[in-house]
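Presented below is the structure to which this report refers.
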Amino acid sequence: MTPTRRTVLAAAGAAATLPWLPRAARAATLRYAHVGAPGDVQTRFAEEFAALARQKSGGRTDIRVFGNSQLGGVSEMVDGVQTGAIQMAHHDFASLTKYVPELGVFNAPYVYRDGRHALAATDPERSPVARELNERLVAAAGIRIVGRIYRGPRHITAKFAVRRPEDLSNKPFRAVPVDLWVSMVRGFGAVPTPVEVSELPTALMTGVVVGQENPLTMINANKLFEVQSHVSLTGHMLSVLAVFANDRAWQRLPADERQAISAALAEKATESLAWAEAADAELVQVLKQRGMTVITEADGLDNAAFRRAVQAQIRRDYPAWTSLIERIGQVQAGS
Numbered sequence: 011m012t013p014t015r016r017t018v019l020a021a022a023g024a025a026a027t028l029p030w031l032p033r034a035a036r037a038a039t040l041r042y043a044h045v046g047a048p049g050d051v052q053t054r055f056a057e058e059f060a061a062l063a064r065q066k067s068g069g070r071t072d073i074r075v076f077g078n079s080q081l082g083g084v085s086e087m088v089d090g091v092q093t094g095a096i097q098m099a100h101h102d103f104a105s106l107t108k109y110v111p112e113l114g115v116f117n118a119p120y121v122y123r124d125g126r127h128a129l130a131a132t133d134p135e136r137s138p139v140a141r142e143l144n145e146r147l148v149a150a151a152g153i154r155i156v157g158r159i160y161r162g163p164r165h166i167t168a169k170f171a172v173r174r175p176e177d178l179s180n181k182p183f184r185a186v187p188v189d190l191w192v193s194m195v196r197g198f199g200a201v202p203t204p205v206e207v208s209e210l211p212t213a214l215m216t217g218v219v220v221g222q223e224n225p226l227t228m229i230n231a232n233k234l235f236e237v238q239s240h241v242s243l244t245g246h247m248l249s250v251l252a253v254f255a256n257d258r259a260w261q262r263l264p265a266d267e268r269q270a271i272s273a274a275l276a277e278k279a280t281e282s283l284a285w286a287e288a289a290d291a292e293l294v295q296v297l298k299q300r301g302m303t304v305i306t307e308a309d310g311l312d313n314a315a316f317r318r319a320v321q322a323q324i325r326r327d328y329p330a331w332t333s334l335i336e337r338i339g340q341v342q343a344g345s
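Per the numbering used here, the sequence shown runs over residues 11 to 345.
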């Protein structure tokens, strides 16, 4: 074999299938892509998962992480996994809806009871809904969901106290420029106003929108406390990212290496829940110190009213999801 050919094979992650090497010497090289920046919880997840998978496989699985959009944006990353140029990646379930539209249900607001339920409902091995949609994804695109990451809840911020949907009635509120988010903001009672995240601080400062929703990590990191005075802990969306792989590359791995990777993904998924819960508790105090008024149910937040209004809107806009949402609700945490 010439050095040129060896280089090409290594770049393609083909070392796992080289038949002339003894089994103990073979190492699967998998390229893992994501768009998270340094310091983001998803970056921590990818790096720690890669190290743990190598440990659990006895050093035979080499996962090389390319974060911060090094291998392209979301669209390029998903296409790369679909073609096999990239072997693994992670992002929102919604990033896979061009192949299976119903996967967007895992991003739906108020679909999970809590973080443990979110992880159970999205477990690709144990959740009936996740298994069913996963097999459809494999058939449609040759992509298999193999794990997930819990990122935590999203909350409402505004320039005034928000305790119930009526407080946002007919007010311009930032919506992520995605149909699902537009539907959700309409359920809040507000006027959905699509704004890209890069333009959000300016839009809030100038009054183009009076409020927005995001995880506390993003609210703090982007210094939205400088242009927003209140944060309502609605937890309306529990963000879970899908870890997915090219199915051909996945099936080429020996069964014990797939098992090692799956075990590492499951362990890190559980840890990601603990990371998110600890970070949120700390950030509530940080935002208070930075001048924000934090509103909880003890302060009059009527989260049940938000839940009813948003769920009704989702049922109107996504009727095909109704049975899936009911089935997700039946999943027991830890099952």
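Where a beta carbon is used, it is the ideal one built from N, C-alpha and C, also for glycine.
Predicted model, so just to flag it, every value in this text is computed and none were measured.
**Message:** Does S249 come out as helix, strand or coil in the three-state DSSP assignment?
**Reply:** Secondary structure of S249 (DSSP, three-state): strand.
**Prompt:** CA-CA distance, Q80 and R158?
**Reply:** Approximately 21 angstroms between the Cα atoms of the pair.
**Asked** Alpha carbon to alpha carbon, what distance is there between P225 and V346?
**Response** This structure gives no information on residue 346, because the portion of the chain shown stretches from 11 to 345.
**Environment of K233 [buried if 16+ CB atoms lie within 10 Å]** = Taking all protein chains in view, the Cβ of K233 is surrounded by fewer than 16 other Cβ atoms within 10 Å, so the residue is classified as exposed.
**Message:** Using a 10 Å radius around the Cβ and a threshold of 16 neighbouring Cβ atoms, would you call M215 buried or exposed?
**Reply:** With fewer than 16 neighbouring CB atoms inside 10 Å of its own CB, M215 falls in the exposed class.
**Prompt:** Hey, I96 and M87 are a contact pair by Cβ (cut 8 angstroms); roughly how many whole angstroms apart?
**Reply:** Rounded, the Cβ-Cβ distance is 6 angstroms, consistent with contact.
**Message:** Please report the straight-line C-alpha distance between V172 and T71, rounded to a whole angstrom.
**Reply:** When rounded, the distance between both Cα atoms is 49 angstroms.
**G152 versus G90, D257, T280 and F316, residue with shortest Cα-Cα distance** = Among G90, D257, T280 and F316, the Cα nearest to that of G152 is on D257.
**Item:** Span separating the alpha-carbon of P111 from that of V241
**Value:** Annotation: P111 to V241 spans about 32 angstroms, alpha carbon to alpha carbon.
**Item:** Same chain, Cβ closer than 7 angstroms to G77, neighbours up to 5 away in sequence not counted
**Value:** Here the set comprises H44, G46, T53 and A56.
**Expected contact under 8 angstroms - CB spacing of G245 and H165 to nearest Å** = Confirmed, Cβ separation roughly 6 angstroms.
**Item:** Alpha-carbon spacing of E135 relative to D266, whole angstroms
**Value:** One C-alpha to the other measures close to 16 angstroms.
**Asked** DSSP state of Q342, grouped into three classes?
**Response** Residue state, collapsed to three classes: coil.
**Prompt:** From D89 to P202, what does the alpha carbon distance come to, in whole angstroms?
**Reply:** Each residue's alpha carbon lies about 30 angstroms from the other.
**Asked** Would the beta-carbon of A118 fall within 7 angstroms of that of A343?
**Response** 7 angstroms or more divides the Cβ of A118 from the Cβ of A343.
**Item:** Reference F103, options P329, Q299, G114 and Y109, closest by Cα
**Value:** Residue G114 is the option with its Cα nearest to F103.
**Request:** Alpha carbon to alpha carbon, how far is P264 from A35? Give it in angstroms, no decimals.
**Result:** Reliability fails at A35, whose pLDDT of 44 lies under 50, so the model's placement of it is uncertain and no value is given.
**CA-to-CA distance, A291 to G217, given in whole angstroms** = G217 and A291: Cα-Cα distance of roughly 29 angstroms.
**Alpha-carbon to alpha-carbon, K181 and G315** = Inspection of the sequence shows that residue 315 is occupied by Ala rather than by Gly. Separation of A315 and K181 (C-alpha to C-alpha, rounded to the nearest whole angstrom) is 18 angstroms.
**Request:** Note the first and the last residue of the continuous beta strand (DSSP E) segment covering Q222.
**Result:** Its beta strand (DSSP E) spans residues G221 to N224.
**Prompt:** Ordered along the chain, which non-local residues of its own chain (more than five positions away) have a Cβ less than 7 angstroms from that of E58?
**Reply:** Cβ neighbours of E58 beyond the five flanking positions: K278.
**Message:** Taking a contact to mean a Cβ-Cβ separation below 7 angstroms, would you say T167 touches Q238 in this structure?
**Reply:** Yes, these two residues count as a Cβ contact at 7 angstroms.
**Asked** Can you tell me whether V207 is buried or exposed, with buried defined as 16 or more other CB within 10 angstroms of its CB?
**Response** V207 is exposed by the Cβ-count criterion.
**Asked** What's the C-alpha gap between D309 and L243?
**Response** The straight-line gap separating the alpha-carbon atoms of D309 and L243 is approximately 10 angstroms.
**Request:** With a 10 Å radius around its C-beta and 16 neighbouring C-beta atoms as the bar for buried, classify T132 as buried or exposed.
**Result:** Using a 10 angstroms sphere on the CB of T132, the tally of other CB atoms reaches 16 or more, which defines it as buried.
**Asked** Just checking my contact of Q321 with Y120 at CB under 8 angstroms: how many whole Å lie between their CB atoms?
**Response** With a contact defined as Cβ atoms closer than 8 angstroms, Q321 and Y120 qualify at about 6 angstroms.
**Option nearest E281 by Cα separation, candidates T227, L40, G162 and L311** = Closest option to E281, Cα to Cα, is G162.
**Request:** Mark G125 as exposed unless 16 or more other C-beta atoms lie within 10 angstroms of its C-beta, in which case mark it buried.
**Result:** Buried.
**Request:** Using 10 angstroms around the beta-carbon of T107, count the other beta-carbons present and answer buried if the total reaches 16, otherwise exposed.
**Result:** Of the other Cβ atoms in all chains shown, 16 or more fall within 10 Å of the Cβ of T107; this residue is therefore buried.
**Prompt:** Among G199, E142, R123 and K298, which has the Cα closest to the Cα of N230?
**Reply:** In this structure, K298 is the residue among G199, E142, R123 and K298 with its C-alpha nearest to the C-alpha of N230.
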